[in-house]
Amino acid sequence: MIQGACWFRDFDKRGNLYPEMETPPKDIIDALDRMHLLKGADPRGQPLTGGVSSDIWRIDLPGGPICIKRALAKLRVNADWQAPVERNLYEARWMRVANAVVPGASPTLLGQDEVTGTLAMEYLPAERYPLWKAQLRDGVVDVGFAASVARTLGRIHAATAVDPSLAAAFPTDGIFHDIRLEPYLTQTGRAHPDLADRMQRLIETTQRNKRALVHGDVSPKNILCGPDGPVFLDAECAWWGDPAFDLAFCLNHLMLKCVWVPAVRGGLLDSFRAMTVTYLPLVGWEPAAALETRTAHLLPALFLARVDGKSPVEYITREADRDRVRVVARRLLADPPDRLADVARTWKEEIAA
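Residues -10 to 342 (the working numbering) make up the sequence shown, in order.
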């Protein structure tokens, strides 16, 4: 949902802070006051760009900079995409749970204001926490980091799967449907009417397999490459649901970026494999083969959704490249493989042609 890069775009290429600071909007100042973070200070801040579902600010306080994130009711996309602002509450809960399982897996939460749907969290500077998406864009592919993303994700899924009492803290079936299943799968079924029934079956399978705490937006744009491992941002889609969705969502982006950065497609496909072989051995809450099958079936639907759903990726701009995605996605949806290696192999053959 949120472009993770917006967390640190107030730095130039040398890591120097841009000087443009201004007074934040009154509702953000009021939220800071209700969170007891102002302590008499007159805050100055800087709006950070890139997000489609929230306003994000860097706010300078006497104790140092913090990051403020306020959820929007209507997302900044061309389609009419509404989302309840109370998702902010569940994002905060996901952050607390994730950090309890893997310390540092998410920014430290400093406060929450339910009145405005605003979160306050630690500010993570770009020079220490580069964005994974930016690194991939620049042709920097670290297969070991991809494995660490899968390891952290798998640990969070495994730890929460054994604590089903968490389900009560995430009653977000409706939110997840509205900001994930409908804009990605239902909308893609509208764009491809002959696939509408297939998309509906995938939705039903995803909704039926509620087994762990799901982030819902595991994408390189939402993952920082921290000094101690990956830091996950923007858990607005947090849901007690099917962990296969998280794995498929991230693997999808590695496939798509083979089009964006063709010079490193080999490394991207190696990263795909590294994520798969790292994550699957951590699956203990169900047979790993069953989760892999659901992931392999869902993945081509998400692949197609990123060119024909409500939120197409911005970096696939040529119609010929979109058509390559469509050809492979439709082939895999017509004859879905059960193994993720077969999904990757089909895509590799297409882009090598």
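All C-beta atoms, glycine included, are put in the ideal place defined by N, C-alpha and C.
Item: Segment contact flag, the segment 74 to 85 with the segment 47 to 54, C-beta cutoff 8 Å, min 3 pairs; Value: no
Item: Separation of ALA150 from PRO36, as counted between CA atoms; Value: 37 Å
Item: Nearest-angstrom Cα separation, counted from PRO326 out to THR282; Value: 8 Å
Item: With 16 other Cβ atoms within 10 Å as the buried cut-off, status of ASP312; Value: exposed
Item: Limits of the beta strand (DSSP E) - the one that ALA278 falls within; Value: Element bounds for ALA278: not the beta strand (DSSP E) but the alpha helix (DSSP H), 277 to 297.
Item: Contact set for ALA201: own chain, Cβ-Cβ below 6 Å, skip 5 residues either direction; Value: HIS146, THR149, ALA150, PRO232
Item: Contact set for ASN198: own chain, Cβ-Cβ below 6 Å, skip 5 residues either direction; Value: ASP231
Item: Three-way DSSP call (helix, strand, coil) for TRP121 in this model; Value: helix
Item: Distance CB(LEU322)-CB(THR335) smaller than 9 Å; Value: no
Item: Which of helix, strand or coil DSSP assigns to MET110; Value: strand
Item: PHE261 beta carbon less than 9 Å from that of ALA343; Value: Outside the displayed span of the chain (-10 to 342) sits residue 343, for which this structure offers no information.
Item: Anticipated Cβ contact below 8 Å, THR284 with PRO219, distance rounded; Value: In fact, because the Cβ distance is near 19 Å, the residues do not count as touching under 8 Å.
Item: contact_flag[the segment 175 to 188, the segment 131 to 140] where n(CB pairs < 8 Å) is 3 or more; Value: no
Item: Closest by C-alpha distance to PHE159, when choosing among ALA227, ASP206, GLY29, VAL104; Value: ALA227
Item: Closest Cα partner of GLY112 within the set VAL266, SER95, ASP324, ASN77; Value: Looking at the sequence provided, one finds Tyr at residue 112 rather than Gly. Minimum Cα distance to TYR112 is reached at SER95.
Item: Buried versus exposed call for TYR268 [16 or more other C-beta atoms within 10 Å across all chains shown]; Value: buried
Item: Sub-9 Å separation of ILE43 and LYS122 beta-carbons; Value: Rather than Ile, the amino acid found at residue 43 in this sequence is Ser. No, the pair does not count as a contact, with Cβ atoms beyond the cut-off.
Item: Buried versus exposed call for GLN(-8) [16 or more other C-beta atoms within 10 Å across all chains shown]; Value: Its pLDDT being 32, under 50, GLN(-8) is placed unreliably by the model, and the measurement read from it follows with that caveat. Classification of GLN(-8): buried, given that the 10 Å Cβ count is 16 or more.
Item: GLY100, enclosing beta strand (DSSP E) - first and last residue; Value: 98 to 102
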